[in-house]
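Numbering (our numbering), first residue to last: 48 to 499. Read through the structure below, which is laid out as C-alpha cells, and then see the notes.
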C-alpha cells in the first residue's frame, strides 16, 4: 500500500461495478465488480456462492433475478490482493447484448454495489500500491494509442520500465538529503561522511545529467505519443493544399489555380513513420479586402504561433516576392522548414528543399521533417517519461538542483541548501505518485473512461 494512504483502513472501499468493454452489441461483454463486499454482492445473483473462494477461480453459471435466468455467464474471481485493483474483484463475462449487461449491472447495484466513476478501478490499483502513478497514466495512454509506436512506449511505462529510470534519481537525492540531515542533527559524530559544499556539488553534478537525458528523451517520446501540430503556410497559390493532399494521401483540400481558394484552415492527419502529424492547411497570407478571406488570413497567422512545426511553402519557379519575405519574417523564430514547391519547373537559383506537391514528389520534405523532429530508431524503443506533467516535474527537479548547487558555491549553510534539494525530491515523488497528492491523482483518474 502507498505510504500516504495509511488512513484507508479495511472496509473503506465500497463495492463498485461498471462495464469494462465498450457499450456496443458484441459477442461478449465484461462487467467488472470490485470492493470489500464484491463476493457477497455477486453471490446474491449468481447461481454459485463465491464468498468462500480464497484464490483465483473461473466458474460457469447463471445470473438469476427472482428465479428468472438473465444469462449464462462465466465468472472470473480474483482474491485480493492478487487482483488488478488489489482488492477482491470479480469479472462477469456475459453475452454482448446491452440489454443483458444493463440488467446485470442493475441487479448488482440493487444488491449493494454502486456505479464506478471514471478511472476508479485504476485509482484503486494505485492506492493499493499495485501500480505507481506513471503506470496508472500509461493505462490511459495504451487505450488512446493511435500508432503501434505510441502503444509500444505506453506498454513500457505500464510494465514499470519508465519508473525504473526515475527511482535511481529519487534514491540519490534521498541519500544526499539524509546525509545533510545527519550532519545537522548529529555534528558530534566523527565517523559519518561530511556533507560539505564540495560533496553537495559533486552529487548534483552526478544527478542532473541523468535528469537532462530523461527530459530530452521524454520530449521525443511525447512527440511519438501525441504527434506534432504542423502548420502549412505561404502566400496564395504556391501549392499548400496540394502539399496537404500529398502528405495525407487524400483530397482533403480543394486545389485550383485561383488565388484565395482556401479561406479557412483545413485539417488532416498522417502517420509519418510512427509519428502522427496534425496538419493544418491555412489560407494564403496576403493583404486582402475580402472580409471572409481576411478572417482566414488572420487564422493562418495564429496557427503559426500554435504550431510545433511550421512548413513555409514558396514558389520554387519564381523569385521571392514581398509576401514571401513577410511570411519568412513572421516565421523566423519558429521551428520551421522552408520548401520550394513546383520543383518540376525551372528554379531561379534558390537553395533549399525542393518538392513537387502536385506530383506527390515530397520525400525530401518527409526526410527533413523526421530530422527536425529529432527522432531516431532508438527513440521508438527506449522507455521514457512522455507527458507534460511528468516532464514539468522533471524540469522542476532539475532547476531545484541547479539552485542548490548555486547556493553551495556561494557558501550558503547546508540547512538552507537542503530546502532546494527537498523541493527537487518532492517533485520526483510527485512523478511517481508517492507524495500526498490526493487532489492531483483524482484529476488524473477523472480523465479515464468508466470501467478503467
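All residues carry an ideal CB built from backbone N, CA and C; glycine is no exception. No experiment lies behind these values; they were computed from the predicted model shown.
Coarse secondary structure for residue i, derived from DSSP in three states
i	result
residue 471	helix
residue 62	coil
residue 459	coil
residue 141	strand
residue 71	coil
residue 208	helix
residue 327	strand
residue 479	helix
residue 496	coil
residue 231	helix
residue 42	The structure shown has nothing for residue 42, since the chain only spans 48 to 499.
residue 130	coil
residue 193	coil
residue 76	strand
residue 429	coil
residue 123	strand
residue 273	helix
residue 99	coil
residue 357	strand
residue 112	strand
residue 81	strand
residue 435	helix
Neighbour-count burial assignment, residue i, 16 or more Cβ in a 10 Å radius
i	result
residue 117	buried
residue 218	exposed
residue 254	buried
residue 430	buried
residue 502	There is no way to answer for residue 502, as the model of the chain reaches only from 48 to 499.
residue 409	buried
residue 119	exposed
residue 157	exposed
residue 245	exposed
residue 203	buried
residue 269	buried
residue 188	buried
residue 190	exposed
residue 434	buried
residue 152	buried
residue 482	buried
Alpha-carbon spacing of residue i relative to residue j, whole angstroms
i	j	result
residue 385	residue 263	25 Å
residue 293	residue 92	58 Å
residue 285	residue 357	15 Å
residue 170	residue 374	49 Å
residue 436	residue 272	14 Å
residue 211	residue 86	35 Å
residue 370	residue 283	9 Å
residue 81	residue 68	16 Å
residue 134	residue 172	8 Å
residue 277	residue 477	32 Å
residue 290	residue 196	25 Å
residue 113	residue 78	20 Å
residue 71	residue 381	45 Å
residue 147	residue 141	8 Å
residue 467	residue 145	55 Å
residue 311	residue 388	Residue confidence is low: residue 311 scores 39 on pLDDT, short of 50, so the model does not pin down where it sits. Its coordinate-derived value is still stated next. Looking at the two C-alpha atoms, the distance is approximately 21 Å.
residue 360	residue 223	53 Å
residue 122	residue 109	9 Å
residue 354	residue 432	22 Å
residue 378	residue 288	19 Å
residue 138	residue 475	35 Å
residue 19	residue 84	Missing from the structure shown is residue 19; the chain here goes from 48 to 499 and no further.
residue 136	residue 174	15 Å
Q: Evaluate the contact criterion for the segment 92-112 versus the segment 145-161: three or more CB pairs, one atom per stretch, below 8 Å.
A: Contact check between the segment 92-112 and the segment 145-161: three or more CB pairs, one atom from each, fall below 8 Å, which counts as touching.
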